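Heads up: the sequence shown begins at 1 in full-length UniProt numbering, then just goes up one per residue.
The structure appears below as structure tokens.
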Amino acid sequence: MRELSLFTGAGGGLLGTMLLGWHPVGYVEWDKYCQQVIAARIADGYLPAAPIFVDVREFIQSGAAAEYRGVADVVTAGFPCQPFSVAGKRAGADDERNMWPATIKCIRLVRPQYVYLENVPGLLTSGYFGTVLGDLAESGYDMRWRILSAAELGAPHKRDRLWIVAYTKGMDGTWCHPEEDQFQMGKSAKPRGSLWWKARCTPCRMDDGLAYGVDRLKALGNGQIPAVAAAAWRLLT
């Protein structure tokens, strides 16, 4: 499928959807460091060449989003989690970082057959989850969702995430439903010592001598694990 990626980050989710055979046709990401990572991955051939847009609101206002109607089969979005995370104030609609209104506006302009969303489990209990489901239903979609962790796929860390698949109403539902043990759900969740770094890596630096380790850590912290992104889609469809 042709994918329009909102809040692309450093591309972890893209690597997951490419495991599914999807083809990115557009990237939307506001963070400058992540924009550079996307551009670098395009240059070295890991990601397909496609436009990089710098802000989802500007993407909408400029008319670029509407041009993807009939072009993108699926819109993916790991919209910012801070308004819903239990680690924050959970201000939801009152949080200026809440990008769900822009996300659903983009979805309504593009009208893809599928929508694939990722967020923290706190969204389920934040009081805002009903808004997300209601907006999708009003836009003509049915939904399925579940929480899936990296540990369920055998990683030595938990990293629970909420995954939502929305699909246009009236679909015949003839989707593949793989067996859970195909993905080794719940198996091999013990920490694997050989996979842990024994020492902190030397901070990476730009050619101006400034370390960008903070940017890298931020991108990793906000990113999606490719195998989990792919498995969640398969389990939900």
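Where is the CB? At the ideal position from N, CA and C, for every residue including glycine.
Computed from a predicted model, the values in this text were never measured in an experiment.
Compare the beta carbon distance of Leu236 and Arg146 with 8 Å and say whether it is the shorter of the two. yes
Roughly how many angstroms separate the alpha carbons of Gly193 and Val115, rounded to a whole number? Note on Gly193: pLDDT 40, under 50, position unreliable in the model; no value is reported.
Along the chain, where does the alpha helix (DSSP H) that runs through Pro226 open and close? 226-236
Tell me the rounded alpha-carbon separation between Thr125 and Leu162. So the two alpha carbons sit approximately 11 Å from each other.
Same chain, Cβ closer than 7 Å to Thr168, neighbours up to 5 away in sequence not counted: Excluding residues within five positions, the ones whose Cβ falls inside 7 Å are Gln113, Gly140, Tyr141.
So what does Ala151 bridge to, in DSSP terms? For Ala151, which the question treats as bridged, DSSP gives no partner whatsoever.
Between which two residues does the beta strand (DSSP E) containing Thr76 stretch? 74-77
Closer than 6 Å by C-beta to Asp160: which residues in its own chain qualify, once you throw out the five before and the five after it? Chain order, please. Pro121, Ile147, Ser149
Per-residue burial, Met18 [other beta carbons within 10 Å of its own, 16 or more giving buried]: buried
Kindly indicate the opening and closing residues of the alpha helix (DSSP H) around Arg57. That run of the alpha helix (DSSP H) goes 56-61.
Put Gly26 into one of helix, strand or coil per three-state DSSP. In the structure shown, Gly26 adopts extended strand secondary structure according to DSSP, grouped into three states.
Pairwise C-alpha distance: His157 and Pro24: 28 Å
In terms of DSSP beta bridges, what is Phe53 paired with? DSSP links Phe53 through a beta bridge to Val28.
Under 8 Å between the Cβ atoms of Trp233 and Leu20? yes
Per DSSP, what kind of secondary structure is Ala102 in: helix, strand or coil? helix
I believe Gly11 touches Val37 by the beta-carbon criterion, under 8 Å. Please report the beta-carbon distance rounded to the nearest angstrom. 6 Å
In or out: Met171 buried (at least 16 other Cβ within 10 Å) or exposed? Counting Cβ neighbours within 10 Å, Met171 comes out exposed, since fewer than 16 surround it.
What are the boundary residues of the beta strand (DSSP E) that Thr168 is part of? 161-168
To the nearest angstrom, how far is the alpha carbon of Ile225 from that of Gly13? The C-alpha of Gly13 is placed about 6 Å away from the C-alpha of Ile225.
Delimiting residues of the alpha helix (DSSP H) encompassing Val132: Annotation for Val132: the continuous alpha helix (DSSP H) segment containing it runs 129-138.
For Ala66, collect the residues of the same chain with a Cβ closer than 6 Å to its Cβ; drop the 5 residues on either side in sequence, then sort them by chain order. Leu109
Going by C-alpha to C-alpha distance, which of Arg2, Gly130, Val228, Asp55 sits closest to Val75? Arg2
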